[in-house]
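Encoded as structure tokens, the structure appears first; notes follow it.
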Amino acid sequence: MTAKTTAEPTARLVEVFSAIQGEGLNVGTRQIFIRFAFCDLRCHFCDSAHTWNAPASCRIERSPGLRDFESHPNPVPLTTLIEWVERQNLPCLHDSISLTGGEPLLHAPFLQEFLPKVRSLTGLPIYLETGGHRPEQLATILPYLDSVGMDLKLPSVSGESHWQAHSQFLQLCHSQSETFVKIIISHRTDLAELERAALLVADVSPEIPVFLQPVTPLAESDQFSQTPALAPAPADVLTWQTSMKRFLKYVRVVPQTHKMLNQL
Ligand code: SF4
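Residue numbers (full-length UniProt numbering): 1 to 264.
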């Protein structure tokens, strides 16, 4: 009788590298970024459109922060990714591991296997960046997450509408991990939608930090949408923050700082 073998889980990746987090609650901290391929949304402002489909190969930084990338074919076996993360994990350097994309939750079955191993091997907290629209997948990996940065997509800005899923998602992750909400704002932001977003968050907890992130306009060569998002007017940003603070304790306006620092 032959022994039953179980295939090793694999994931399709875009890149693995060490960098400074430029957004949200973890801004300024050093993270090992694992950028997963695939996204099922098509936000007008997306600065990661190259992740929507899986590339034949991914790029892996050999030494943390040195940008000495090497190429590796996709998909990547779990043990190989663990080795790459351990190689990045120099003593005292990183604050956490960032799961980003694309939409990392499209890889939930892989993450269920990967996260407990990488957490126990590195001792680093796990941070998930997500579009915030897949509560079922979130539930399967929530026990392994330490913090979640959840996007709340305004239809007027992103072209995506996921109110009910966002609400379920936020209930779930707020109950079990440190959570903040990120909302991209642009010249097209609809105040009524922002207030709806504020109420949605306040309904879960008015203490959840919300980050209003003015869109970083895409370079002309990177634009893919017929309706590219432009930066909001300064006076509007003040009005929007004022309005949201009627419902929420923490509403901070923070642009993408990694782009100011010319980081990845
Ligand atoms: S969810 Fe993120 S990766 Fe996906 S299209 Fe929107 S901005 Fe891009």
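Glycine included, each C-beta is placed from N, C-alpha and C at the ideal position.
Keep in mind that this is a model prediction, so the values were computed, not measured.
Any chance the region 68-78 sits against the region 39-48, with 3 or more Cβ pairs inside 8 Å? no
Would you kindly report the start and end of the unbroken beta strand (DSSP E) that includes Glu70? Against the sequence shown, residue 70 aligns to sequence position 70. Element bounds for Glu70: Phe69 to Pro73.
Going by DSSP, what residues sit across from Lys153 in a beta bridge? Position 153 of the sequence shown holds residue 153. DSSP lists no partner for Lys153.
Using CA coordinates, which residue listed in Asp222, Lys153 and Val210 is at the minimum distance from Ala165? Walking along the sequence shown from the start, residue 165 turns up at place 165. When each option's Cα is compared against that of Ala165, the closest is Lys153.
Grouping DSSP H, G and I as helix and E and B as strand, with all else coil, what is residue 266? The structure shown does not extend to residue 266, since the chain is modelled only from 1 through 264, so no value can be given for it.
Assuming Phe211 is part of the beta strand (DSSP E), what are its boundary residues? Numbered from its first residue, the sequence shown carries residue 211 at position 211. Unbroken beta strand (DSSP E) run through Phe211: Val210 to Pro214.
Tell me the rounded alpha-carbon separation between Ala235 and Leu264. The residue you call residue 235 lines up with position 235 of the sequence shown. The residue you call residue 264 lines up with position 264 of the sequence shown. Ala235 and Leu264: Cα-Cα distance of roughly 30 Å.
Where the alpha helix (DSSP H) containing Leu199 begins and where it ends: In the sequence shown, counting from the first residue as 1, residue 199 sits at position 199. Where Leu199 is concerned, the enclosing alpha helix (DSSP H) stretches over Leu191 to Val204.
Is the distance from the Cβ of Gln112 to the Cβ of Ile141 below 7 Å? Taking the sequence shown and counting its residues from 1, one reaches residue 112 at position 112. Taking the sequence shown and counting its residues from 1, one reaches residue 141 at position 141. Taking 7 Å as the Cβ cut-off, Gln112 and Ile141 qualify as a contacting pair.
Count the other CB atoms within 10 Å of the CB of Phe180; is the residue buried (16 or more) or exposed (fewer)? Along the sequence shown, one-based indexing puts residue 180 at 180. That one is buried.
Quick one: Cα of Leu191 to Cα of Phe169, how far? For this step, residue 191 is matched to residue 191 along the sequence shown. For this step, residue 169 is matched to residue 169 along the sequence shown. The straight-line gap from Cα to Cα measures roughly 23 Å.
CA-CA distance, Thr29 and Leu66? Within the sequence shown, the letter at position 29 stands for residue 29. Within the sequence shown, the letter at position 66 stands for residue 66. Taking the straight line from one Cα to the other gives about 17 Å.
Three-state secondary structure assigned by DSSP to Cys43: For the purposes of this step, residue 43 is identified with residue 43 of the sequence shown, where counting begins at 1. In this structure, Cys43 counts as coil in the three-state DSSP scheme.
Limits of the unbroken alpha helix (DSSP H) element including residue 266: The requested residue 266 is not part of the displayed model; the chain covers only 1 to 264.
Any chance the CB of Pro145 is under 6 Å from a heavy atom of the ligand SF4? The residue given as residue 145 occupies position 145 in the sequence shown. The sequence as given places Leu at residue 145; Pro does not occur at that position. Every heavy atom of the ligand SF4 is 6 Å or more from the Cβ of Leu145, so no.
Bridge partners of Ile82, per DSSP? Position 82 of the sequence shown holds residue 82. The partner list for Ile82 (beta bridge, DSSP) is empty, contrary to what the question assumes.
Is there at least one non-hydrogen atom of the ligand SF4 closer than 6 Å to the beta-carbon of Gly131? Here the question's residue 131 lines up with position 131 in the sequence shown. Flag set: Cβ of Gly131 near the ligand SF4.
Among Phe38, His187, Gln21 and Arg196, which one has its Cα closest to the Cα of Met260? The residue you call residue 260 lines up with position 260 of the sequence shown. The option with the nearest alpha carbon to Met260 is Gln21.
Val181 (DSSP reduced to helix, strand or coil): Taking the first residue of the sequence shown as position 1, residue 181 is located at position 181. Here Val181 sits in strand by DSSP.
Under 6 Å: does the beta carbon of Leu41 sit that close to some heavy atom of the ligand SF4? As a position in the sequence shown, residue 41 is number 41, starting the count at 1. It does: the Cβ of Leu41 is within 6 Å (strictly closer) of some heavy atom of the ligand SF4.
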